[in-house]
Amino acid sequence: MAMSRHVTGWLQALPLTVVLGAFLIAPIIMIVVVSFWGATEFSIYPAFQFDNYSYLFGSAVVWKVFFATFKYAFITWVFTLAIGFTVAYFLAFHVRTQAMQIALFLLCTIPFWTSNIIRMISWIPFLGRNGIANSTLISWGVIDEPLEWLLYSDFSVILAFVHLYTLFMVVPIFNTMMRIDRSLIEAAVDNGASAMQTLRHVILPLTKPGIMIGTIFVVTLVMGDFITVRFMSGSQKANVGRLISNDISLLQYPSAAATSVVLLITVLIVIGILLRFVNIRKEL
Amino acid sequence: MSKMRYSRRSILKSGAAAVAASTLPAPMVWAQEIKDITLRQFGTGVSNLNEVGQKVKEDLGFTLEMTALDSDSVTQRAATQPDSFDIADIEYWICKKVWPTGNLQAMDTTKIKNYDKIVGIFRSGKLTPESTIAQGTAPHTVGFVEEPGATSFADQETEWMTLIPTIYNADTLGIRPDLINRPISTWAELLNPEFKGKASILDISSIGIMDMAMVCEAMGEIQYGDKGNMTKEEIDKTFAIFTEAKKAGQFRAFWKTFDESVNLMASGEVVIQSMWSPAITAVKSRGIPCVYQPLKEGYRSWGGGLGLSKSLSGMQLDAAYEYINWYLDGWVGGFLMRQGYYSAVPETSKNYMSENEWGYWFEGKEATGDITSPFGDVLAKAGETRDGGSFYDRMGSVACWNAVMDENQYMVRKWNEFIAA
Numbered sequence: 245m246a247m248s249r250h251v252t253g254w255l256q257a258l259p260l261t262v263v264l265g266a267f268l269i270a271p272i273i274m275i276v277v278v279s280f281w282g283a284t285e286f287s288i289y290p291a292f293q294f295d296n297y298s299y300l301f302g303s304a305v306v307w308k309v310f311f312a313t314f315k316y317a318f319i320t321w322v323f324t325l326a327i328g329f330t331v332a333y334f335l336a337f338h339v340r341t342q343a344m345q346i347a348l349f350l351l352c353t354i355p356f357w358t359s360n361i362i363r364m365i366s367w368i369p370f371l372g373r374n375g376i377a378n379s380t381l382i383s384w385g386v387i388d389e390p391l392e393w394l395l396y397s398d399f400s401v402i403l404a405f406v407h408l409y410t411l412f413m414v415v416p417i418f419n420t421m422m423r424i425d426r427s428l429i430e431a432a433v434d435n436g437a438s439a440m441q442t443l444r445h446v447i448l449p450l451t452k453p454g455i456m457i458g459t460i461f462v463v464t465l466v467m468g469d470f471i472t473v474r475f476m477s478g479s480q481k482a483n484v485g486r487l488i489s490n491d492i493s494l495l496q497y498p499s500a501a502a503t504s505v506v507l508l509i510t511v512l513i514v515i516g517i518l519l520r521f522v523n524i525r526k527e528l
Numbered sequence: 444m445s446k447m448r449y450s451r452r453s454i455l456k457s458g459a460a461a462v463a464a465s466t467l468p469a470p471m472v473w474a475q476e477i478k479d480i481t482l483r484q485f486g487t488g489v490s491n492l493n494e495v496g497q498k499v500k501e502d503l504g505f506t507l508e509m510t511a512l513d514s515d516s517v518t519q520r521a522a523t524q525p526d527s528f529d530i531a532d533i534e535y536w537i538c539k540k541v542w543p544t545g546n547l548q549a550m551d552t553t554k555i556k557n558y559d560k561i562v563g564i565f566r567s568g569k570l571t572p573e574s575t576i577a578q579g580t581a582p583h584t585v586g587f588v589e590e591p592g593a594t595s596f597a598d599q600e601t602e603w604m605t606l607i608p609t610i611y612n613a614d615t616l617g618i619r620p621d622l623i624n625r626p627i628s629t630w631a632e633l634l635n636p637e638f639k640g641k642a643s644i645l646d647i648s649s650i651g652i653m654d655m656a657m658v659c660e661a662m663g664e665i666q667y668g669d670k671g672n673m674t675k676e677e678i679d680k681t682f683a684i685f686t687e688a689k690k691a692g693q694f695r696a697f698w699k700t701f702d703e704s705v706n707l708m709a710s711g712e713v714v715i716q717s718m719w720s721p722a723i724t725a726v727k728s729r730g731i732p733c734v735y736q737p738l739k740e741g742y743r744s745w746g747g748g749l750g751l752s753k754s755l756s757g758m759q760l761d762a763a764y765e766y767i768n769w770y771l772d773g774w775v776g777g778f779l780m781r782q783g784y785y786s787a788v789p790e791t792s793k794n795y796m797s798e799n800e801w802g803y804w805f806e807g808k809e810a811t812g813d814i815t816s817p818f819g820d821v822l823a824k825a826g827e828t829r830d831g832g833s834f835y836d837r838m839g840s841v842a843c844w845n846a847v848m849d850e851n852q853y854m855v856r857k858w859n860e861f862i863a864a
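So the sequences go chain by chain: S and X.
Every number in our numbering is 244 more than the matching position in the first sequence, counting from 1.
Every number in our numbering is 443 more than the matching position in the second sequence, counting from 1.
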């Protein structure tokens with residue numbers, strides 16, 4: 245006898261539910277639970293206390309660090325969007341043949357064949373006090389003294405972020421641009437719109453879902469990162485990820501869990517706000 | 444008596460294998476089974492060297508698996524995953540943190556062949572009978588327990604040792620003499636505005652705080668009761684001084700790993716920083732001048748040792764004792780001393796070093812020929828002497844030991860804030 249439609253439906257949803265439950269929901273619940281625990285120097289003990297949170301919200305340093313995290317995310321977003329949009333626009337509208345489009349697109353992904361860390365660390369000798377950038381500028385006579393702020397500064401952190409994450413902006417924007425009906429652009433041109441007007445009133449609104457997806461990628465990646473900040477700032481700057489990793493390395497798991505919970509909520513709020521602007525599901 | 448007394452090596456050496464086979468069947472079984480034994484050791488990179496593992500296989504027959512981690516991860520693992528290792532190669536301050544968890548078992552000193560030859564620092568606490576004991580977690584204070592199973596430390600030497608000391612050294616600041624061009628003689632120079640943007644300190648709280656304390660004390664800003672066990676006020680004052688310096692741009696970067704410290708120094712990003720002895724060696728071996736500068740306030744010292752997991756027993760435990768006896772027998776000591784560390788039993792290491800090497804590394808004499816590391820790099824040429832001089836000069840002027848303090852959690856929080864400030 246055939247199973248009722250309800251049972252079939254539940255069964256079909258079961259595998260995904262189990263996977264998500266085991267690998268997403270359960271760990272998050274665990275993190276939330278541990279965030280209320282206490283810690284000694286070398287062990288953690290179950291408890292229900294708000295010490296971790298009260299420290300988190302009471303410390304001026306923590307607020308500063310959250311602010312720095314937003315700062316990195318925002319500046320990186322601005323640059324990756326500008327570069328990503330331009331690259332995608334070029335690929336989608338200026339490159340005529342599809343073969344060429346695919347070839348150039350693959351070219352963009354080549355740096356991603358090596359590890360994140362390698363791409364990041366290779367900036368260090370380049371930007372250093374006696375690095376290629378400084379020695380070139382000095383030999384050109386542009387500067388007399390090496391520029392100190394090129395490395396181990398906010399500049400180098402953001403440079404690395406932009407370098408690492410621009411592709412995450414290019415791909416979704418390129419994808420949506422490719423699906424824009426070309427006749428719409430012809431119509432705009434026929435109606436006398438300038439190239440700039442077409443871009444602003446036709447292409448930009450139609451690309452919004454791609455921009456939004458790219459934004460979510462970049463913002464979440466930057467807000468959750470810790471290794472880029474650590475290496476490119478020479479451990480001198482901090483974002484929330486570094487707070488967490490410092491806590492973990494010092495066995496302060498409950499404190500790390502509490503910070504993670506706050507970070508998770510913050511990122512969810514940010515994404516919630518972003519989704520207010522564009523209904524991604526409708527546009528997809 | 445342990446069947447380890449008849450290890451394969453000693454039997455073969457004495458040529459008594461045949462006799463042993465007829466009268467003592469057990470050792471032969473042992474010789475068969477020993478090949479199957481694997482001991483898992485983990486620790487910091489300094490002494491977890493593959494060469495040691497290979498030599499163990501050659502000399503003792505069993506397998507030593509080694510994992511190298513940074514100090515924080517080592518502490519974490521020793522404290523939380525006792526079943527993941529057989530031998531922990533940890534520092535004494537880590538031992539102070541980890542021992543109370545009961546994850547390690549005390550060792551019977553009567554089974555340690557060279558116990559009597561271990562230097563005084565690790566037994567009475569005194570290098571020579573006249574020495575004074577430095578501040579901080581001095582190794583002898585956490586080196587013994589009253590009885591097996593005890594989770595607190597004994598006040599004096601007993602028959603039960605927590606860690607068998609293997610390696611130690613006296614640390615100071617590393618400098619680039621070619622970029623500084625003047626003598627450096629005090630820890631206070633680390634915060635000298637002359638080196639603005641060219642100084643660094645290590646980002647490992649328990650060690651970094653000690654370097655900070657050496658600096659603050661040298662500047663005359665703070666008088667500590669015990670640098671290794673600061674009060675909250677002392678911690679606050681120390682961080683206030685360093686946070687101010689950080690905000691003024693004194694530091695180029697902080698480093699967490701050995702390689703980072705080498706790169707900072709070799710690239711000229713930094714000219715004065717906290718550093719470890721082999722990192723100086725690594726910079727020098729690239730042909731870049733680098734000095735491990737002795738300073739008038741003295742050294743910050745550290746020591747490490749081997750601890751046994753509580754789950755070791757039977758034949759594995761015997762193998763671990765055999766390994767420890769082998770460790771103190773000189774080969775490893777020589778191997779480590781030729782990299783600039785000290786061995787717990789220097790006199791056995793001497794047998795594995797040339798007269799020139801012993802003179803240079805231990806006695807502080809001028810090298811009579813090229814001094815090479817165990818890996819073949821030339822570290823010093825004839826006529827050069829070791830920075831800081833002889834063993835007794837260096838280990839005799841230790842101002843404090845790496846430590847973990849009662850206010851450790853408070854300090855760690857402050858450290859985190861300092862890094863984020």
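From the three backbone atoms N, C-alpha and C, an ideal C-beta is built for every residue, glycine too.
Residue i - partner residues in DSSP beta bridges
i                            : result
proline 608 of chain X       : X:Gly748
arginine 423 of chain S      : Per DSSP, none; premise fails for arginine 423 of chain S.
glutamine 578 of chain X     : X:Cys843
isoleucine 288 of chain S    : S:Ala283
aspartate 679 of chain X     : Answer is none; aspartate 679 of chain X lacks a bridge partner.
threonine 252 of chain S     : Answer by DSSP bridge pairing: none, since threonine 252 of chain S is not bridged.
alanine 696 of chain X       : X:Ser643
valine 499 of chain X        : The partner list for valine 499 of chain X (beta bridge, DSSP) is empty, contrary to what the question assumes.
phenylalanine 485 of chain X : X:Thr510, X:Ala531
isoleucine 814 of chain X    : X:Ala823
phenylalanine 587 of chain X : X:Met604
Cα-Cα separation between residue i and residue j, rounded to whole angstroms
i                            : j                         : result
phenylalanine 475 of chain S : alanine 437 of chain S    : 48 Å
alanine 347 of chain S       : tyrosine 333 of chain S   : 15 Å
serine 866 of chain X        : arginine 619 of chain X   : There is simply no residue 866 of chain X to check, as chain X begins at 444 and stops at 864 in what is shown.
phenylalanine 294 of chain S : glycine 282 of chain S    : 9 Å
aspartate 434 of chain S     : isoleucine 368 of chain S : 51 Å
phenylalanine 280 of chain S : alanine 291 of chain S    : 6 Å
valine 855 of chain X        : glycine 592 of chain X    : 29 Å
threonine 601 of chain X     : valine 788 of chain X     : 19 Å
valine 463 of chain S        : asparagine 296 of chain S : 26 Å
threonine 674 of chain X     : glutamate 850 of chain X  : 7 Å
leucine 260 of chain S       : arginine 363 of chain S   : 35 Å
arginine 520 of chain X      : aspartate 646 of chain X  : 19 Å
histidine 338 of chain S     : valine 517 of chain X     : 56 Å
valine 713 of chain X        : alanine 661 of chain X    : 21 Å
tyrosine 497 of chain S      : glycine 812 of chain X    : 53 Å
methionine 708 of chain X    : asparagine 546 of chain X : 38 Å
For residue i, three-class secondary structure by DSSP
i                         : result
methionine 550 of chain X : strand
glutamine 519 of chain X  : helix
isoleucine 530 of chain X : strand
leucine 395 of chain S    : coil
threonine 510 of chain S  : helix
leucine 570 of chain X    : coil
glutamine 716 of chain X  : strand
isoleucine 480 of chain X : coil
leucine 877 of chain X    : In the structure displayed, chain X extends from 444 to 864; residue 877 of chain X sits before or after that span and is not available.
leucine 530 of chain S    : The structure shown does not extend to residue 530 of chain S, since chain S spans only 245 to 528, so no value can be given for it.
Checklist entry - Using a beta-carbon distance cut-off of less than 8 Å, what residues from the segment 384-415 of chain S approach chain X? => result Glu392, Leu395, Tyr396
Checklist entry - Counting only runs that start and end within the segment 725-808 of chain X, where is the beta strand (DSSP E) found for 3 or more residues in a row? => result 734-736, 742-752
Item to check | Sequence ranges, alpha helix (DSSP H) only - wholly within the segment 321-368 of chain S, length at least 4 | outcome: 342-353, 360-365
Item to check | the segment 258-272 of chain S: positions lying closer than 9 Å to chain X by Cβ | outcome: none
Item to check | Interfacial residues, the segment 689-707 of chain X to chain S, with Cβ spacing under 9 Å | outcome: Lys689, Gly692, Phe694, Arg695, Ala696, Phe697, Trp698, Lys699, Glu703, Asn706, Leu707
Checklist entry - Residues in the segment 346-378 of chain S with C-beta within 9 Å of chain X's C-beta atoms, listed in sequence order? => result Ile368, Pro369, Gly372, Arg373, Asn374, Gly375
Checklist entry - If you measure beta-carbon to beta-carbon, which residues of the segment 540-556 of chain X are closer than 7 Å to chain S? => result Lys540, Val541, Thr544
Item to check | chain X contacts made by the segment 468-486 of chain S, where a contact means CB separation under 7 Å | outcome: Gly478, Ser479, Gln480, Ala482
Next on the checklist: Please list, in chain order, the residues of the segment 714-725 of chain X that have any C-beta partner in chain S closer than 7 Å.
Outcome noted: none
Checklist entry - Along the segment 307-337 of chain S, what residues have a CB closer than 9 Å to any CB found in chain X? => result Lys308, Val309, Ala312
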